[in-house]
Structures are given as structure tokens and as C-alpha cells.
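J.: Have a look at the structure that comes next, please.
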Amino acid sequence: MSIRLTAYLISALLALIVIFNTLFLIDETEQALVFQFGEMRQVYQEPGLYAKIPLIQEVRFVEKRLIDYEKPAFNITLLDQKRIVVDVYALYRIKDPLKFYKAVGDENTARLRLDEIIPGTLKAVFGGFNLSQIISETRRMTMEKLLHEVNNSVVELGIEVVDARIRRSDLPPKNSEAIFERMRAERQRAAKEIRAQGEELAREIRSNAEKERVILLAEAEKQAQLIRGEAEGKAMKIMSQAIQKDPKFYSFYRSLEAYKKVLTSKDTTFVLSPKSEFLNYFQNGSRR
Numbered sequence: 128m129s130i131r132l133t134a135y136l137i138s139a140l141l142a143l144i145v146i147f148n149t150l151f152l153i154d155e156t157e158q159a160l161v162f163q164f165g166e167m168r169q170v171y172q173e174p175g176l177y178a179k180i181p182l183i184q185e186v187r188f189v190e191k192r193l194i195d196y197e198k199p200a201f202n203i204t205l206l207d208q209k210r211i212v213v214d215v216y217a218l219y220r221i222k223d224p225l226k227f228y229k230a231v232g233d234e235n236t237a238r239l240r241l242d243e244i245i246p247g248t249l250k251a252v253f254g255g256f257n258l259s260q261i262i263s264e265t266r267r268m269t270m271e272k273l274l275h276e277v278n279n280s281v282v283e284l285g286i287e288v289v290d291a292r293i294r295r296s297d298l299p300p301k302n303s304e305a306i307f308e309r310m311r312a313e314r315q316r317a318a319k320e321i322r323a324q325g326e327e328l329a330r331e332i333r334s335n336a337e338k339e340r341v342i343l344l345a346e347a348e349k350q351a352q353l354i355r356g357e358a359e360g361k362a363m364k365i366m367s368q369a370i371q372k373d374p375k376f377y378s379f380y381r382s383l384e385a386y387k388k389v390l391t392s393k394d395t396t397f398v399l400s401p402k403s404e405f406l407n408y409f410q411n412g413s414r415r
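Heads up, the sequence shown is in our numbering, so the first residue is 128 and it goes up one at a time.
What follows is the structure in C-alpha cells.
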């Protein structure tokens, strides 16, 4: 009994060893390459339970998730010959495990290749733009072009870069002060031009307002003269009608107005003839 039990146990152990060396599991985060005597035989990219030939075939796993990449700060010369210091952050994934294994073999080697490709591509892309374009609304277009060019370069590595970003872009310390001073001078010149335009516009507005004032006063004076003329004409017409109705009373009224103006002065002395027409209403007042 003991020998038979021992044989069963040994057989079960051997079976477990065979099963363990035959079956392998791939989860959602992995891809697998199956090699036989050093040559690649099969690629598995979907999760599941798979089998291989024990002791003959070997399984190597590669990452299926996104892998991050960072490049320390380095210098770039732009189209306008200005220099900036940038550091790059990217995310990539292994899209073709077989091509990846043949080209680089592992992630460390892939990172070394990216250290050559991404900075070189970034220098080539940014070298076609000025500093003002890099920091303006064209930045997004620049990064899209960078991503496109990088993927064209890494396709032979079996990987795909899904995102590439400039985390920091600064001017070199020795250039910062000169560039900031030039930018300050440009802003001051622009502000001076804007103030000059504002003053010119203000002078134009004042000039137009003065012209309108003169025109309005002239029109008002003209209108006033017309009204005065019409009023005087109406007054003359009324006076003429009154004279025609009673000429003697009008003569008497005019004489009273003359007496009022002349006789109210205390310092005036008159020497008149008794027969003067001026004294007619004093001499014959009762009859008149």
C-alpha cells in the first residue's frame, strides 16, 4: 500500500509539474510571446489561459498598459534663433510585441531609443517655429505635429506614443533678462502708440464738436433773425392798421411819448417858441 501510494503521489506531482509548465495565464495588463529554442513561435495579446510545450517552449511577458516616459531638461534652438529649455513627458504602449522584441527587447532599451528619437524630433519640429508661436495659440498645433512625427519614428519599434507634452519650457538664464527687457520695450512702445491714437481721436472729437457748436449757433442766430424779422413785420402791420383807424390819436400818443422822454430830464433846458408844434397839446390841450 505504501509503495502504491507513493507512486500515486509521485505521478500526481509530476502531473502538476507538467500542467504548471504547460499552462500559463495572461491578464488584462499583459501580452505574451512564446519562444521555442530561441525562436518566436506565437504572440498572445488577449487575456486568457493558454498552453505551451513544457521544457521546450518559453513564455515572455510584455506590458500592455501605458508606459510613461520622461526626458530631463535640454536646450532647443528655435527658428528665430532663440533658445529655450524644455522637459518632455510622454505616454506610450507596446502595440506590436513581436516587432518590439526584435527591435529593442525590453523597456529599458526602448527608453534609450526614445531618448534619441523624442528629443531629436522635438528639436526638428520646434526649430520651424518662433518663440511667439510656441507660447501662443499655435502651441497645440505644434504638439500635434510633434506627436505625429514621433509616431512615424517609433513605428519600427513596435510601440505607439499616445501623448507627448512639454511640462516646462523656460528661457536660459542668460537670455531671460535681455528678452524680458525687449518685451518690456515693445509693450511700452505699443502703449505709447495707443495713447497717441487716443489723443488724436480726442482732438478729432473736440474739433468735430466745435464745428457742430458753431453750426448750431449760426443756425440758431439765423432762425432768431427770421423770427425777429417776422415779429417786427407783424408789429409794423399792426401799427399801420392802428394809425389808419385813428391818425389823430396816434399823433397825440407819439407826442406824449416825446414829452415823457424829453421832460423827465432835470438838467435839460429848452428854449422854444410859443408857436412851436412841440407845444401844441399844451396850448390847445382842451380842444384836443
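Don't be surprised by glycine CBs; every beta carbon is placed ideally from N, CA and C.
Keep in mind it's a predicted model, so treat the numbers as computed, not measured.
What is the rounded straight-line gap between the Cα of Gln324 and the Cα of Arg311?
T.: Near 20 angstroms, if we compare the C-alpha coordinates of Arg311 and Gln324.
J.: Unbroken beta strand (DSSP E) runs of length 3 or more, entirely within the stretch 151-234: which are they?
T.: If we require 3 residues or more, the beta strand (DSSP E) runs fully inside the stretch 151-234 come out as 157-163, 166-171, 175-178, 184-190, 194-204, 210-221.
J.: Residues in its own chain within less than 8 angstroms of Phe256 by CB, not counting five upstream and five downstream?
T.: Same-chain partners within the cutoff: Leu205, Leu206, Thr265, Thr269.
J.: Indicate the three-state DSSP secondary structure (helix, strand or coil) for Arg414 in the structure shown.
T.: Since pLDDT at Arg414 reaches only 46, below the 50 mark, its modelled position is unreliable, and no value is offered.
J.: Which of the three DSSP states, helix, strand or coil, is assigned to Ile365?
T.: If DSSP states are grouped into helix, strand and coil, Ile365 belongs with the helices.
J.: Who does Ile286 pair with in a DSSP beta bridge?
T.: Answer by DSSP bridge pairing, in chain order: Ile221.
J.: Short check: CB of Glu155 to CB of Pro174, under 8 angstroms?
T.: For Glu155 and Pro174, yes; Cβs fall inside 8 angstroms.
J.: Can you check which of these residues, Arg322, Thr133, Leu249, Arg330, is closest to Ala217 by C-alpha distance?
T.: The candidate whose alpha carbon is nearest that of Ala217 is Leu249.
J.: Measure from the alpha carbon of Phe201 to the alpha carbon of each residue in Leu193, Leu150, Val212, Glu243, then state which is nearest.
T.: Answer by Cα proximity: Val212.
J.: Consult DSSP for Ile293 and reduce its assignment to one of helix, strand or coil.
T.: In the structure shown, Ile293 sits in a strand (DSSP, three-state: E or B).
J.: Which residue comes first and which comes last in the alpha helix (DSSP H) that contains Ile261?
T.: Start and end: 258-261.
J.: Helix or strand or just coil, what does DSSP make of Gly77?
T.: In this structure the chain extends from 128 to 415, so residue 77 is not present and cannot be described.
J.: Rounding to the nearest angstrom, what Cα-Cα distance links Ala237 and Val231 in this structure?
T.: Ala237 and Val231: Cα-Cα distance of roughly 6 angstroms.
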